[in-house]
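Student: For the sequence shown, the positions run 1 to 162 when the UniProt record's numbering is used. Cβ atoms here follow ideal geometry from the backbone N, Cα and C, with glycine treated the same way. Model, not experiment: these values are computed from the prediction. Can you keep this structure in mind? I'll have questions shortly.
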Amino acid sequence: MESFKPTGTHNGDIKLESGVINVNGDAIESGSFLVDMGSIQVLDIPAEDEGNGKLLGHLKSPDFFDVENHANAAFEVTGISEVEGKTMLSGNLAIKGIKQNVTFPVNVTMDGDTMMLTSEAFTIDRTKWDIKYKSKSIFGDLGDKFINDEIELKVNVTAKKA
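Here you go:
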């Protein structure tokens, strides 16, 4: 996960709590994942740095992901297609109880009983999930104190055959 603001960027990690992918041969047919929002980590500020804890606390607050009231996010596969030679995965992404459909390019590889799914970087508009803190498109008087609405995501999933 990476977010942008006029004065720089932040990046971090969020872990899956659980998930299931149904595969037919090498093709994904369906699947769903539960994301542990409490597992958010800030990776661009050293863990021992006071700024890391401050940013982490703010990301978990109601200004952003409201982790106390929304401990999990979810993704449910709604389809997979080929577009211009790329495999595109579509699904409903639920954050803060709000579901929006997203589509992003993925690479799926099988190695014996292990499936690896990795995405290219893609962006979502955080305001569609009611994450409006310092959004220039919502609040017009922020000057250069805004945070971009786009959040860049990359998905990496490794799954073993059950």
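(1) Starting from the C-beta of Ala159, find all residues in its chain whose C-beta is less than 6 angstroms away, skip the five residues before and the five after it, and write them out in chain order.
(2) Is Lys154 closer than 7 angstroms to Ala121 when the C-beta atoms are compared?
(3) DSSP beta-bridge partners for Glu76?
(4) With DSSP collapsed to three states, give me the class of His70.
(5) What are the boundary residues of the alpha helix (DSSP H) that Leu56 is part of?
(6) Please state whether DSSP places Lys132 in a helix, a strand or coil.
(7) For Val83, which residues from the same chain have a beta carbon less than 6 angstroms from its beta carbon, with the 5 sequence-adjacent residues on both sides left out?
(8) From the DSSP output, in three-state form, read off Phe4 for me.
Tutor: According to the structure data:
(1) Ile21, Met115
(2) yes
(3) Ser32, Asn92
(4) coil
(5) 50-60
(6) coil
(7) none
(8) In this prediction, Phe4 has a pLDDT of 43, which is less than 50 and means its spatial position is unreliable; nothing more can be read from the coordinates.
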